[in-house]
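Visitor:
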Amino acid sequence: MKKRVLLLLPLFLGACSNSGESPVIKIEKLYVKAESNSDSAKEEDYANKMDELPALKVGDEVKALLLLDGNGSELKTFKLQKDNDETLSTKLVYQKTEVSTEGNLTDEENGQLRFKDGVTQTRIMVRASIAHVDKNGDVRLEFYLSSKAECEGAQEEIGLKTKVDDEKEE
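For the sequence shown, our numbering gives the first residue as 746, with consecutive numbering after it.
Put into structure tokens, the structure is as follows:
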């Protein structure tokens with residue numbers, strides 16, 4: 746009897762609803778624009794090497810291109826959360842035709858988008874610039890995506906290391 750229950754367990758754990766799987770957030774590109782020692786700005790893609798992200802200082806920028814996929818279901822909401830509002834200045838770039846403007850479900854200033862019916866996949870660019878650095882040093886950009894399927898939403902996180910400007914590597 747125990748063997749039969751164990752064989753069925755993956756079916757119950759993996760099934761969200763009849764209409765599809767949990768939504769997915771994929772970081773397609775992650776550009777960091779940081780001042781180099783030669784005072785010229787360089788931009789590099791860290792999407793596949795996030796553990797190599799450099800420490801950022803005030804004025805440095807991060808651009809993350811995210812693929813949002815409902816995995817067969819329509820997308821419902823996207824939410825950008827950041828550790829500390831004083832540390833990061835953020836902006837969302839997205840297809841205006843895919844986002845609902847009805848009611849107050851979309852609040853771009855607070856990083857929340859509500860998708861129109863029929864949107865199952867889209868791309869969003871998140872631009873963040875370091876506005877303030879404190880001694881704690883680390884900042885997180887967190888993303889949450891929900892779909893209309895009866896599933897848990899998707900979460901993704903980008904950890905950014907920061908440094909105080911007057912700390913110089915020798």
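Note that the Cβ used here is the ideal one computed from N, Cα and C, for glycine as well.
Do three or more CB pairs link the segment 840-854 to the segment 887-903 at distances below 8 Å?
Guide: These segments do not touch.
Visitor: If you draw a straight line from the C-alpha of Val871 to the C-alpha of Lys880, how long is it?
Guide: When rounded, the distance between both Cα atoms is 25 Å.
Visitor: Just mark Gly815 as buried or exposed, buried being the case when its beta carbon has 16 or more other beta carbons within 10 Å.
Guide: That one is buried.
Visitor: Compute the Euclidean distance between the alpha carbons of Val909 and Leu833, then round it to the nearest angstrom.
Guide: Using only the alpha carbons, I get a separation of about 14 Å.
Visitor: Following the continuous beta strand (DSSP E) through Asp883, name the residue where it begins and the one where it ends.
Guide: Counting along the chain, the beta strand (DSSP E) containing Asp883 begins and ends at 883-892.
Visitor: Does the beta-carbon of Lys794 have 16 or more other beta-carbons within 10 angstroms, so that it is buried, or is it exposed?
Guide: Lys794 is exposed by the Cβ-count criterion.
Visitor: Counting along the chain, where does the beta strand (DSSP E) carrying Leu798 start and finish?
Guide: Where Leu798 is concerned, there is no enclosing beta strand (DSSP E), given that its DSSP letter is neither H nor E.
Visitor: With a 10 Å radius around its C-beta and 16 neighbouring C-beta atoms as the bar for buried, classify Asp805 as buried or exposed.
Guide: With 16 or more Cβ atoms within 10 Å of its Cβ, Asp805 is classed as buried.
Visitor: Spell out the partners DSSP gives Gly856 in its beta bridges.
Guide: DSSP output for Gly856 lists no bridge partner at all.
Visitor: Please report the straight-line C-alpha distance between Lys861 and Lys824, rounded to a whole angstrom.
Guide: Going from the Cα of Lys861 to the Cα of Lys824 covers about 15 Å.
Visitor: With DSSP run on the structure shown, which of helix, strand or coil describes Lys861?
Guide: If DSSP states are grouped into helix, strand and coil, Lys861 belongs with coil.
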